[in-house]
Amino acid sequence: MRSLSACGLALAAILSLAACSETSSGTAPSPGDIREVTGLPVPAETAQAQQARQRDISSRADSLIRSTLHIETVSPDATRRFRLISDCSGTVCHATEPTTGVIDTSRIEPGEPELGDAVAIGSAHDITLMSESLIGTDKSITDFGAWMRHSAFALSTHREVSEELDFTSVSSNALGQLTGRPPAVSATWLGIMVGTLVAGEHEGDRLVGEAALNYDLDSGGLDAGFHGIKNIDRGVAHSDEPVFFVDLAVEPDGTFARGQSGTRIHGAFYGPGHVEAAGIFEHFDMVGAFGAKRQ
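The opening residue of the sequence shown carries number 966 in this note's numbering; numbering runs sequentially from there.
As structure tokens, then:
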């Protein structure tokens, strides 16, 4: 999400870290490889078409949601990890490191977004998954998700390398123009989820699956489920799926949330007539984002 501000080496310096060494990475799968693993059809639109509407969506957005921010710093003498807990209000999110009290702030930035190299991967339920990367001499930012019509969702990875420090941050994000009220009828939303693993043997691997949300007007409860999850970097099904959050309360402004860092979901309905839903979720070592269209 190029319209978001990002943390970096300055934050690492505040955390009193020093020195770095560059980590290695494998060859990323191609869009065709990802479609083969996930079963996604070919893209229904280009990545450039999504980039063309980023500014409009960002200018209308009145909601920003961010997951826990996971940070790793690598130096010759140590590898350190930090987990910053996010608290969002309106278009601003503050992420706080509990031990040091260091705060990283992200917000929706006005004006023309800084666009990167983008490629469309595949589509489902009128949502086209894309990857966008902005790569500089010592910095790279990659977003993996989609810009719909009234909202966006992404898994965001930010890496900076200097002579003294290798810094990586990972989070999931969602933004958009809130519908502003709960649905007036029972309905279903279907879409795509993206995610990554922030610990364990497959740490850093990216995940893609299906998202389904069902709202029951009689009970006033919302069920959200993520299934068919595939590890696209290994070409296999993810072992820990499906993931469910059931009987979520929808607030008067059309948002929904439950849980704390590590086991949580936070999302909202966006656009006229609750046409879209988007948000973030955390399930143990999995950090994800999702977007869905009303059926």
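Note that CB positions come from ideal geometry on N, CA and C, so glycine has one too.
Alpha carbon to alpha carbon, what distance is there between residue j and residue i?
{"i": "E1010", "j": "G1110", "result": "14 Å"}
{"i": "R1223", "j": "L1099", "result": "33 Å"}
{"i": "Q1016", "j": "L1080", "result": "7 Å"}
{"i": "T1056", "j": "T1070", "result": "11 Å"}
{"i": "R1146", "j": "G1219", "result": "4 Å"}
{"i": "L1143", "j": "V1150", "result": "17 Å"}
{"i": "V1163", "j": "A1014", "result": "31 Å"}
{"i": "G1253", "j": "H1167", "result": "15 Å"}
{"i": "D998", "j": "D1170", "result": "15 Å"}
{"i": "Y1235", "j": "E1074", "result": "19 Å"}
{"i": "T988", "j": "A1026", "result": "Since pLDDT at T988 reaches only 32, below the 50 mark, its modelled position is unreliable, and the value read off the structure follows with that caveat. Approximately 36 Å between the Cα atoms of the pair."}
{"i": "Q1260", "j": "N1138", "result": "23 Å"}
{"i": "S1024", "j": "G1076", "result": "8 Å"}
{"i": "E1001", "j": "S1204", "result": "18 Å"}
{"i": "I1245", "j": "T1003", "result": "20 Å"}
{"i": "D1181", "j": "P1237", "result": "19 Å"}
{"i": "I1058", "j": "D1183", "result": "The identity of residue 1058 in the sequence shown is Cys, whereas the question assumes Ile. Rounded to the nearest angstrom, the two C-alpha atoms are 33 Å apart."}
{"i": "T992", "j": "I1230", "result": "31 Å"}
{"i": "S990", "j": "H1115", "result": "Low per-residue confidence applies at S990: pLDDT is 45, beneath 50, and the placement is therefore not dependable, though the value from the model is reported in the following sentence. Answer to the nearest angstrom: the Cα atoms are 34 Å apart."}
{"i": "V1159", "j": "L1140", "result": "15 Å"}
From what residue to what residue does the beta strand (DSSP E) around residue i run?
{"i": "I1036", "result": "L1034 to V1039"}
{"i": "I1222", "result": "Before going further, note that residue 1222 is Ala rather than Ile in the sequence given. Unbroken beta strand (DSSP E) run through A1222: T1220 to Q1225."}
{"i": "V1159", "result": "A1152 to L1162"}
{"i": "E1001", "result": "No beta strand (DSSP E) holds E1001; the alpha helix (DSSP H) holding it covers P996 to T1003."}
{"i": "S1071", "result": "I1068 to R1072"}
{"i": "R1229", "result": "T1228 to Y1235"}
{"i": "F1191", "result": "G1186 to N1196"}
{"i": "L1140", "result": "D1131 to G1141"}
{"i": "D1103", "result": "That residue, D1103, is in no beta strand (DSSP E); it is neither H nor E in DSSP."}
{"i": "M1251", "result": "M1251 to R1259"}
{"i": "V1211", "result": "V1208 to A1214"}
{"i": "F1089", "result": "Sequence check: residue 1089 is Ala here, not Phe. Unbroken beta strand (DSSP E) run through A1089: D1082 to A1089."}
{"i": "V1057", "result": "V1057 to T1061"}
{"i": "A1242", "result": "E1241 to H1248"}
{"i": "S1204", "result": "From DSSP, S1204 is part of no beta strand (DSSP E); its letter is neither H nor E."}
{"i": "A1149", "result": "Premise fails: A1149 is in no beta strand (DSSP E) and is neither H nor E."}
Please work out which residues of its chain come closer than 6 Å, Cβ to Cβ, to residue i, disregarding the five sequence neighbours upstream and downstream, and give them in chain order.
{"i": "F1221", "result": "L1187, L1213, V1215 and G1232"}
{"i": "A1012", "result": "A1083, V1084, A1085 and M1095"}
{"i": "G1227", "result": "E1247"}
{"i": "I1068", "result": "H1059 and T1061"}
Sort the options by Cα distance to residue i and report the nearest one.
{"i": "F1210", "options": "E1247, T1038, R1018 and H1115", "result": "E1247"}
{"i": "S1105", "options": "R1114, L1094 and S1121", "result": "S1121"}
{"i": "R1020", "options": "P1237, V1201, M1113 and L1182", "result": "M1113"}
{"i": "V1201", "options": "E1128, R1124 and L1172", "result": "L1172"}
{"i": "G1185", "options": "L1140, P1078, E1001 and A1152", "result": "A1152"}
{"i": "S1032", "options": "E1125, A1119 and D1181", "result": "A1119"}
{"i": "F1132", "options": "P996, I1230, G1190 and R1046", "result": "R1046"}
{"i": "H1123", "options": "P1148, E1097, G1141 and T1061", "result": "E1097"}
{"i": "Q1225", "options": "S1051, G1066, L1140 and R1199", "result": "S1051"}
{"i": "P1148", "options": "G1141, P1217, A1189 and V1159", "result": "P1217"}
{"i": "R1072", "options": "G1101, A1060 and T1064", "result": "A1060"}
{"i": "A1189", "options": "F1255, H1239 and S1136", "result": "F1255"}
Under 8 Å Cβ to Cβ from residue i, same chain only, skipping five residues before and after it: list those, please.
{"i": "A1257", "result": "H1090, I1092, W1154, L1155, G1156, I1157, A1176, A1177, L1178, E1241, A1242 and A1243"}
{"i": "H1192", "result": "G1174, E1175, A1177, E1206, P1207 and V1208"}
{"i": "T1044", "result": "E1037 and T1038"}
Mind reading off the beta-carbon distance from residue i to residue j? Whole number of angstroms is fine, and I expect it under 8 Å.
{"i": "L1049", "j": "I1036", "result": "7 Å"}
{"i": "I1022", "j": "A1117", "result": "6 Å"}
{"i": "P994", "j": "I1197", "result": "6 Å"}
{"i": "S1127", "j": "L1034", "result": "At roughly 20 Å, the Cβ-Cβ gap does not stay under 8 Å, so S1127 and L1034 are not in contact."}
{"i": "E1125", "j": "D1103", "result": "6 Å"}
Would you kindly report the start and end of the unbroken alpha helix (DSSP H) that includes residue i?
{"i": "S1121", "result": "Element bounds for S1121: not the alpha helix (DSSP H) but the beta strand (DSSP E), S1116 to V1126."}
{"i": "D1021", "result": "Q1019 to R1025"}
Quick one: what's got a C-beta closer than 7 Å to residue i's C-beta in the same chain, skipping five residues either side?
{"i": "P1008", "result": "A1085, I1086, G1087, S1088 and T1093"}
{"i": "D1250", "result": "L1162, V1163, A1164 and G1165"}
{"i": "C1053", "result": "L1029, I1030 and R1031"}
{"i": "P1063", "result": "I1050"}
With a threshold of 7 Å between beta-carbons, can residue i be considered close to chain C, or not?
{"i": "F1234", "result": "Here there is only one protein chain, and chain C is not present."}
Cβ of residue i versus every heavy atom of the ligand MN: is any distance shorter than 6 Å?
{"i": "K1195", "result": "This structure lacks the ligand MN, and indeed carries no ligand of any kind."}
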